[in-house]
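Asks: My questions will all concern the structure given below.
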Amino acid sequence: MTTLSVQIRGAQLKRQGLENLDREIPIIGAQRIYAALFKAQTNLKTAGPPIGYPVNWDSLRQRAMYFASNGFGAGIPYHRTGRYQAGWKIRRNPSNSRKQAGYSLLNRSPVAVYIGGDAYGNRQSNIHAGRWVQVRDAVERAVRGLPQDIEAHIGMVARRLKLI
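Here it is in structure tokens:
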């Protein structure tokens, strides 16, 4: 009978390191997603320049309603309150089992969609277009390098665990 026995030194340590890396990967992804959304949030909190004249109304009806309602109830001339900028929040999405589902960037202000637009780059009012950053553009810029960033951080953890 012929027997060949092969042993690898440190195999148990490598296996444990890989298991540790497996647990770290969702955490790394979530951290990098949060960092990207924080960058977008910071960009969205930057106030746009003051309105230019003549005002580029969406419609004559909007113009008439603005003056008829005393600046939509805020007075004429309008004074910024900062509610739009303060309304930006990053919320953790519900997770399933040990995997994290990520984060959402949201603003519950009723006027947010007219100032920054929606997730598809639509609905931003002509009054704010070109002055305020669109939500879609801010998020797209922030997540552009996300896959490479996550990969780099996974590599750092792998080196720390001495897997590389």
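Following this note's numbering, the numbering of the sequence shown begins with 21 at its first residue and continues without gaps. Backbone N, C-alpha and C fix where the C-beta goes; we use that ideal spot for every residue, glycine too. For clarity, every value in this text was computed on a predicted model and none was experimentally measured.
Mind checking which residues open and close the alpha helix (DSSP H) that includes Ile174?
Replies: Run containing Ile174: 166-180, per the alpha helix (DSSP H) assignment.
Asks: For Gly165, which of Ser145, Ile53, Arg103 has the nearest alpha-carbon?
Replies: Comparing Cα positions, the closest option is Ile53.
Asks: Hey, would you say the C-beta of Tyr73 is under 6 Å away from at least one heavy atom of the ligand NAP?
Replies: Within the structure as shown, the ligand NAP is missing, as the structure has no ligands at all.
Asks: Confirm, please, whether the CB-CB distance from Ser129 to Arg103 is below 7 Å.
Replies: Yes, Cβ-Cβ distance for Arg103 and Ser129 is below 7 Å.
Asks: For Lys65, which three-state DSSP category applies?
Replies: Lys65 falls in the coil class under three-state DSSP.
Asks: From Glu160 to Gln154, what distance separates their C-alpha atoms?
Replies: Distance between the alpha carbons of Glu160 and Gln154 is about 10 Å.
Asks: Let me check understanding here. Comparing Cα to Cα, which of Gly141, Tyr86, Arg111, Tyr140 lies closest to Asn127?
Replies: For Asn127, the nearest C-alpha among the options comes from Arg111.
Asks: If you draw a straight line from the C-alpha of Asn146 to the C-alpha of Gln168, how long is it?
Replies: Distance between the alpha carbons of Asn146 and Gln168 is about 36 Å.
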